[in-house]
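Shown next, in structure tokens, is the structure this report addresses.
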Amino acid sequence: MMKHLALIGFSALGLGLAHPCYAQTAQDDALLQGQRIQACLSAAASNAHVPSGVLLVLLYVEDGRPGKISTNTNGTVDLGPLQVNSTWVRKVAEHWHSTPQRTYNALRDNVCANIEAGSWILGQALAETHGDLWQAVAYYHSHTPRYGEAYLRRFYHIATDMMVRSRKGRAS
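Using UniProt numbering, you'd call the opening residue of the sequence shown number 1 and step up by one each time.
What follows is the structure, encoded as structure tokens:
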């Protein structure tokens, strides 16, 4: 898995290097970054057998970014774009055949690695809930019902807002 992630990372790095003759505008950079994230979402969703649209909504719900560490009241931290909880580091490291420290760093700093891990975690929740996607989304956040339910409300509101904006964009 780490070889696969390394190839994705090197490919993404290569896309990000611009020759001086081909100076890009900020808009071009944003477009390339969006394309890279879309490629990561698609690959991760396919590998974990989860809907890429759900992962996209999770990115908005979690409101993370590369390098972001959010401290929780229980002493754990959430890492990166999908705010993967540090309790998952050991399991993700085993899944990736990596060390916990390298995994922690990748979850914190590498967008594609973070999305891959988040999709794998959602896939684990989907298996645990016997295919109940709604409950799996709640479990992605917490197995505690009140926290899971609050998370689902936020997920629902963000998803519906995204759909409304999408419809308005198509109507223009």
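Note that the Cβ used here is the ideal one computed from N, Cα and C, for glycine as well.
Model, not experiment: these values are computed from the prediction.
Rounded to whole angstroms, residue 110 and residue 66 show a C-alpha spacing of 6 Å.
Secondary structure note for residue 71: its beta strand (DSSP E) is the uninterrupted segment 69-71. With a cutoff of 7 Å on beta-carbon distance, residue 158 and residue 40 are scored as not near each other.
The C-alpha of residue 129 is placed about 24 Å away from the C-alpha of residue 81. Closest in alpha carbon position to residue 96, among 121, 166, 54, is 121. The residue from 168, 49, 169, 134 with its alpha-carbon nearest to that of residue 154 is 134. Between the alpha carbons of residue 161 and residue 102 lies a gap of roughly 36 Å. Note on geometry: alpha-carbon atoms of residue 171 and residue 165 lie some 10 Å from one another.
Leaving aside the five residues that flank residue 90 on each side, the residues in its chain whose CB is nearer than 7 Å to its CB run, in chain order, 100. In this structure, residue 52 places its C-beta atom within 7 Å of the C-beta atom of residue 45. When only Cα atoms are considered, residue 74 and residue 104 end up about 18 Å apart. The beta carbon of residue 56 is closer than 7 Å to those of 41 in its chain, skipping five residues each way along the sequence. Residue state for residue 77 is assigned as strand, using DSSP reduced to three classes.
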